[in-house]
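Per the numbering used here, residue 1 is the first one in the sequence shown, and the count goes up by one each step.
First comes the structure, then the notes that go with it.
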Amino acid sequence: MVWISQKVKAKKSSLRKVKTDAVDAYQLCELYYKEEFEVHKQSGIQLLNLRLLTRQFESITDMYVQAKLQFQAVLDQVFPDYRGIFGDLYSKIPLLSLKKFSTSEITIKAGEAKLL
């Protein structure tokens, strides 16, 4: 099986959809001598698995980024100045403080002494 490396050029050549064997054969010969062909190799199972893993990784990364953006949007609504207090929102201390003081009312009731 031969794979045409430049499909666009092959489509632009005037191969007709109507059955004209002589003209088509001539144009295929011209295409063969003008273009560079590569032998198409079937992908091995390892390469197919690698492609699948790459797609899954991209999908998981996209979901992770989306979750972080949604988390930041909710955090900005509940605690508007939270980003200014902590440099990294996803380190242990900010996440533990959010777990302990999950609403602004709980944070206010706790007082400054318990927050520090």
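C-beta: ideal position from N, C-alpha, C; glycine also.
What is the DSSP secondary structure of residue i, reduced to helix, strand or coil?
i      : result
Glu35  : coil
Lys41  : coil
Pro80  : coil
Thr103 : coil
Compute the Euclidean distance between the alpha carbons of residue i and residue j, then round it to the nearest angstrom.
i      : j      : result
Gln56  : Gln42  : 22 Å
Asp62  : Leu53  : 14 Å
Lys100 : Phe71  : 17 Å
Arg51  : Tyr32  : 31 Å
Val23  : Cys29  : 10 Å
Gln66  : Val74  : 12 Å
Ser97  : Gly44  : 50 Å
Tyr90  : Arg83  : 11 Å
Lys68  : Phe79  : 15 Å
Glu36  : Pro94  : 59 Å
Ala25  : Lys34  : 14 Å
Gly111 : Thr103 : 13 Å
Starting from residue i, trace the alpha helix (DSSP H) both ways and give me its first and last residue.
i     : result
Leu89 : That residue, Leu89, is in no alpha helix (DSSP H); it is neither H nor E in DSSP.
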